[in-house]
Amino acid sequence: MNNYLDMDLLRLTTAGSVDDGKSTLIGRLLYDSKNTFDDQMEAVEQSSAKRGDENVNLALLTDGLKAEREQGITIDVAYRYFATPKRKFIISDTPGHIQYTRNMVTGASTANLAIILVDARHGVIEQTMRHAFIASLLRIQHIVICVNKMDLVDYSEQAYNKVVADFKQFASRLENVVDVSFIPISALKGDNVVDTSENMDWYKGVTLLYHLETVYVGNQENHVEARFPVQWVIRPQSDEFHDFRGFAGRIAGGVFKPGDEIIVHPSGFTTKIKKIYAAEEEIEKAFSPLSVTMTTEDEIDISRGNLISKANNLPKVGQDIEAMICWFSESSKLANRAKYIIRHTSNEARAVVKEVKYKVNINTLHKVEDDKDFKLNDIGKITLRTSAPIIYDSYRKNRTTGSFILIDPQTNETIAAGMIV
Amino acid sequence: MENYNLTHLKQLESEAIFVLREAAAQFDTPALLFSGGKDSIVMAYLAYKAFYPARIPFPLVHIDTGHNFAECLTFRDAFVEQYKAKLVVGSVQKSIDDGTVKEESGLNASRNALQTVTLLDTIEEHGFDAAGGGGRRDEEKARAKERFFSHRNDFGEWQPQNQRPELWNIFNGRKQHGEHFRFFPISNWTEMDIWQYIKAEEIELPSLYFAREREVVERGGTYLEVNELVQPREGETVQTLMTRFRTMGDATITGAVLSDANNLDAIIEEVAAARETERGNRADDKRSETSMEDRKKEGYF
């Protein structure tokens, strides 16, 4: 039990087409790693029987809402949790239907690792490439290709090798991806998910769970460029803390220590860090993703939406931004010159789209320059002009200071996700 | 090389504090729902940490069903006192007296469903534009689809098909007049995380969570503590058993489990070995397979 306090956290996302067996895989992971409960299994057994399924349908472990079960689809991103003695896992489970790109982008935005399912019978298909492209666009550094349904191809090594070869050829065109692993599995039968398969002697690699437990993800956080978006100013105005002014936020990169020279953006004021608090406790260093409160040597004007960096390593500050975006709205298209609200770290401003550079055909990765109509699920490059300076880095450098969302001021809907180039 | 890894509990704590600060910044009149159960206690404790040394900038809202465990109320008042928080109580009894809800009748009547009306009334009466809850996504399948910032229409309803996508940690709390939000800082915590955190931070809990001998009756596959609200019915015998509670719901329907776990370590061991989900003993969740989904759509916690 003691090692529970030393466990780390892996956030992963799963991708696959409608019948690739995603839900079954997640159900299998939960079930075989003994993360399911008797009353849950009982409910699943009852539902399976009601549906007339031959065996206990593990996919039902992850089915959520009534509407979904009736239609046999998954509506939205759902989050699953399980733990082994080594790690805690958060799975963002994204469905494979029409809003797929939107949902996968959402699920991928917080993940360190993506599992992409490939049906061994069909091999690498357009959708596989689409999933890999999104994982790479969102800067997920670790990809696991699970070649699923091996039981339906007689556990053929040849079928597996073809997927590996085809995917590798395609993956050479992807940016950002650090490591790709391949595992032949049968989620339905349990081969190589938690337990080593007895049907594939030719496979010498590890099981999926072992891989998830051991993959190194410590490199995901940026510990070079120090960034601290200010969320809230703490002013107790009590007798005990009469003059206390603390700047609260979550470190978005780098390491801050008391005594460090800092610059406040966009004002450009400089001062030094006096103290750093994690609640009541004074700490010696703060790094991402810690939530802390800082006090400064000099009393200068700092408010929500400002960003504190160290004096020797500056973010970009500007009103003209180039970004890759994914369009989320079903009802409205991106309109040139239309005004949106941009929300970026703790900052908000108005934004107008100045130019659509191109869209990406996410099945071929080709740029499309003659059709610039952005609709649901479209991905491409645009330029924006904001009403106030945005303090940012490229998404490639920093996932927090490099990302934003666009909001439709009429409906308040989140209509696009953006990654600054 | 220096170690810049955070344990998963530290990461969860940091995330929850981030969500609480976002809520304070994005909403005009946010509040925290406080039931006296362990999840809402942890949430309120995290709010204390998030804004220290200032006071918690949210009032704590307790929806009093009138069927609470007495100890929960004592605990609530002590908590409010200790953290110098502001308390707002919404009373289901008052809603019944006012005629906005009708008391359920029948053998397994409960005031659980009535809470939704009182909650929405309390939100409206005090003009809260956001209410934070201690809901966790691992609790129940409808909750697995919940956002950190969850939009509610002007009837207080949750629309699962129409949720805003939530990317990275950028929360969109914009709303039209009359609409409000729920926010869930401990969305990503599991029951085990909660217990480990309570232990690590030495957070106080109502003693109902700890095993001792209690007088109970067996009803509907669970043990109900005998008190002024729960009296033995014909054919039921009062037994004295070592029990504890895994959740703090309505005293009339929240079952105790057989347990001799009378300290945190023992509870953690029990949770690790548990074969039933913690809500397995709540009659309100057993009404149908979709009872949580249905209640959430109406505006339940």
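These protein sequence lines map, in sequence, to chains A and B.
Under my numbering, think of the first position of the first sequence as 4, with each following residue one higher.
Under my numbering, think of the first position of the second sequence as 2, with each following residue one higher.
Quick reminder that beta carbons are idealized off the backbone N, C-alpha and C, glycines included.
All values derive from a computational prediction rather than experimental measurement.
Tell whether a beta-carbon distance below 8 Å holds between Leu63 (chain A) and Ser51 (chain A). Taking the first sequence and counting its residues from 1, the one referred to as residue 63 (chain A) is at position 60. Taking the first sequence and counting its residues from 1, the one referred to as residue 51 (chain A) is at position 48. Against a cut-off of 8 Å, the Cβ pair of Ser51 (chain A) and Leu63 (chain A) comes out as a contact.
Proximity to Thr348 (chain A) [Cα-Cα], best of A:His369, A:Pro318, A:Val359 and A:Val363: Translated into positions along the first sequence, residue 348 (chain A) becomes position 345. Selected option, being the one with the closest Cα: A:Pro318.
Could you pull the DSSP bridge partners for Phe85 (chain A) from this structure? One-based indexing of the first sequence puts residue 85 (chain A) at position 82. BP columns for Phe85 (chain A) point to A:Phe92.
Distance check for Ala18 (chain A) and His125 (chain A), CA to CA, integer angstroms please. Taking the first residue of the first sequence as 1, we reach residue 125 (chain A) at position 122. Taking the first residue of the first sequence as 1, we reach residue 18 (chain A) at position 15. Cα to Cα, His125 (chain A) sits roughly 16 Å from Ala18 (chain A).
Leaving out five residues before and five after Phe170 (chain A) in sequence, what residues of the same chain have Cβ atoms less than 8 Å from its Cβ? Along the first sequence, read from residue 1 onward, the residue named residue 170 (chain A) stands at position 167. Taken in chain order, the residues that qualify are Val121, Val127, Thr131, Ala135, Ile148, Val183 and Phe185.
Counterpart residues of Trp235 (chain A) in DSSP-defined beta bridges: Here the question's residue 235 (chain A) lines up with position 232 in the first sequence. In the DSSP output, where bridge partners are listed per residue, Trp235 (chain A) has A:Ala251.
How about Tyr210 (chain B): is its C-beta nearer than 8 Å to some C-beta of chain A? Position 209 of the second sequence, counting from 1, holds the residue named residue 210 (chain B). Not an interface residue.
Rounded C-beta distance between Asp139 (chain B) and Thr191 (chain B)? I'm assuming under 8 Å. Within the second sequence, the letter at position 138 stands for residue 139 (chain B). Within the second sequence, the letter at position 190 stands for residue 191 (chain B). Between Thr191 (chain B) and Asp139 (chain B) the Cβ distance is about 5 Å, and since that is below 8 Å, they are a contact.
Selection from A:Glu358, A:Phe259, A:Leu379 and A:Ala314 that minimises the alpha carbon distance to Lys336 (chain A): For this step, residue 336 (chain A) is matched to residue 333 along the first sequence. The shortest Cα separation from Lys336 (chain A) among A:Glu358, A:Phe259, A:Leu379 and A:Ala314 belongs to A:Leu379.
Tell me whether Tyr103 (chain A) sits in a helix, a strand or coil according to DSSP, three-state version. The residue given as residue 103 (chain A) occupies position 100 in the first sequence. Helix.
Contact the region 400-415 of chain A vs the region 166-178 of chain B: 3+ CB pairs below 8 Å: yes
Under a Cβ-count criterion, where at least 16 other Cβ atoms within 10 Å of its own Cβ denotes burial, should Gln234 (chain A) be classed as buried or exposed? Taking the first residue of the first sequence as position 1, residue 234 (chain A) is located at position 231. Gln234 (chain A) comes out buried.
Compare the beta carbon distance of Leu88 (chain B) and Val102 (chain B) with 8 Å and say whether it is the shorter of the two. Within the second sequence, residue 88 (chain B) is the residue found at index 87, counting from 1. Within the second sequence, residue 102 (chain B) is the residue found at index 101, counting from 1. No, Cβ-Cβ distance for Leu88 (chain B) and Val102 (chain B) is not below 8 Å.
In whole angstroms, what separates the C-alpha of Met44 (chain B) from that of Phe407 (chain A)? Taking the second sequence and counting its residues from 1, the one referred to as residue 44 (chain B) is at position 43. Taking the first sequence and counting its residues from 1, the one referred to as residue 407 (chain A) is at position 404. In a straight line, the C-alpha of Met44 (chain B) is about 27 Å away from that of Phe407 (chain A).
Pair within 8 Å by beta-carbon distance, Gln365 (chain A) and Arg133 (chain A): Translated into positions along the first sequence, residue 365 (chain A) becomes position 362. Translated into positions along the first sequence, residue 133 (chain A) becomes position 130. In the sequence on display, residue 365 (chain A) carries Ile and not Gln. Going by C-beta atoms, Ile365 (chain A) is nearer than 8 Å to Arg133 (chain A).
How many whole angstroms separate the CB atoms of Arg22 (chain B) and Ala55 (chain B), which I take to be in contact at a CB cut-off of 8 Å? As a first step, residue 22 (chain B) is located in the second sequence; it is residue number 21 there, counting from the start. As a first step, residue 55 (chain B) is located in the second sequence; it is residue number 54 there, counting from the start. Not a contact, Cβ separation roughly 11 Å.
Would you call the region 89-96 of chain A in contact with the region 148-158 of chain B, where contact means no fewer than 3 C-beta pairs closer than 8 Å? no
The region 223-244 of chain A: positions lying closer than 9 Å to chain B by Cβ: Glu224, His226, Gln234, Trp235, Ile237, Arg238, Pro239, Gln240, Ser241, Glu243 and Phe244
Cα-Cα separation between Lys192 (chain A) and Asp263 (chain A), rounded to whole angstroms: The residue you call residue 192 (chain A) lines up with position 189 of the first sequence. The residue you call residue 263 (chain A) lines up with position 260 of the first sequence. Approximately 56 Å, taken between the alpha carbons.
Under the three-state reduction of DSSP, which class applies to Asn164 (chain A): helix, strand or coil? Mapped onto the first sequence, residue 164 (chain A) falls at position 161. Of the three classes helix, strand and coil, the one that applies to Asn164 (chain A) here is helix, per DSSP.
Alpha carbon to alpha carbon, how far is Arg402 (chain A) from Gly250 (chain B)? Give it in angstroms, no decimals. Counting from one through the second sequence, the residue named residue 250 (chain B) turns up at place 249. Counting from one through the first sequence, the residue named residue 402 (chain A) turns up at place 399. Gly250 (chain B) and Arg402 (chain A): Cα-Cα distance of roughly 40 Å.
Just the Cα atoms here: how many angstroms apart are Tyr163 (chain A) and Gly37 (chain B)? The residue labelled residue 163 (chain A) in the question sits at position 160 within the first sequence. The residue labelled residue 37 (chain B) in the question sits at position 36 within the second sequence. Answer to the nearest angstrom: the Cα atoms are 54 Å apart.
Contact defined as beta carbons within less than 8 Å: I believe Gly256 (chain B) pairs with Leu209 (chain B). What is the distance between those atoms, to the nearest angstrom? Here residue 256 (chain B) refers to the residue found at position 255 of the second sequence. Here residue 209 (chain B) refers to the residue found at position 208 of the second sequence. Actually they are not in contact, since the Cβ atoms of Gly256 (chain B) and Leu209 (chain B) sit about 12 Å apart, beyond 8 Å.
Exposure of Pro187 (chain A), with buried meaning 16 or more beta-carbon neighbours within 10 Å: Position 184 of the first sequence, counting from 1, holds the residue named residue 187 (chain A). Label assigned to Pro187 (chain A): buried.
With distances taken between CB atoms, is the gap from Leu259 (chain B) to Lys39 (chain B) smaller than 8 Å? As a working note, residue 259 (chain B) is residue 258 in the second sequence. As a working note, residue 39 (chain B) is residue 38 in the second sequence. Contact flag unset, no.
Please name the residue or residues paired with Lys200 (chain B) in a DSSP beta bridge. Counting from one through the second sequence, the residue named residue 200 (chain B) turns up at place 199. BP columns for Lys200 (chain B) are empty, so no partner.
Determine the extent of the beta strand (DSSP E) in which Met422 (chain A) is found, giving its start and end residues. If you number the first sequence from 1, residue 422 (chain A) lands on position 419. That run of the beta strand (DSSP E) goes Thr417 to Ile423.
Beta carbon of Asp246 (chain A), beta carbon of Thr8 (chain B): below 8 Å? Counting from 1 along the first sequence, the entry for residue 246 (chain A) is found at position 243. Counting from 1 along the second sequence, the entry for residue 8 (chain B) is found at position 7. Cβ atoms of Asp246 (chain A) and Thr8 (chain B): not closer than 8 Å.
Please state whether the Cβ-Cβ distance between Val424 (chain A) and Ser397 (chain A) is less than 8 Å. Here residue 424 (chain A) corresponds to residue number 421 of the first sequence, with the count starting at 1. Here residue 397 (chain A) corresponds to residue number 394 of the first sequence, with the count starting at 1. In this structure, Ser397 (chain A) lies closer than 8 Å to Val424 (chain A) by Cβ.
Taking 8 Å as the CB-CB limit, is Pro186 (chain B) close to chain A? Here residue 186 (chain B) refers to the residue found at position 185 when the second sequence is read from its first residue. Judged by the 8 Å Cβ criterion, Pro186 (chain B) is not in contact with chain A.
Among A:Thr296, A:Ile303, A:Asp374 and A:Gly421, whose alpha-carbon lies nearest the alpha-carbon of Arg346 (chain A)? In the first sequence, counting from the first residue as 1, residue 346 (chain A) sits at position 343. Here the closest residue by C-alpha is A:Gly421.
Once DSSP output is grouped into helix, strand and coil, what is the label at Gln322 (chain A)? Position 319 of the first sequence holds residue 322 (chain A). Strand, per DSSP.
Inter-residue CB distance, Val20 (chain B) and Phe149 (chain B) (contact presumed, cutoff 8 Å): Taking the second sequence and counting its residues from 1, the one referred to as residue 20 (chain B) is at position 19. Taking the second sequence and counting its residues from 1, the one referred to as residue 149 (chain B) is at position 148. The Cβ separation is near 5 Å, so the contact holds.
Assuming Met243 (chain B) and Arg213 (chain B) are in contact, meaning their beta carbons sit under 8 Å apart, how far apart are those beta carbons, in whole angstroms? Here the question's residue 243 (chain B) lines up with position 242 in the second sequence. Here the question's residue 213 (chain B) lines up with position 212 in the second sequence. Right, the Cβ-Cβ distance comes to about 7 Å (below 8 Å), so this counts as a contact.
Is it buried or exposed, Asp3 (chain A), if we count other Cβ atoms within 10 angstroms and call 16 or more buried? Outside the shown range of chain A, which is 4 to 424, sits residue 3 (chain A), and nothing can be said about it.
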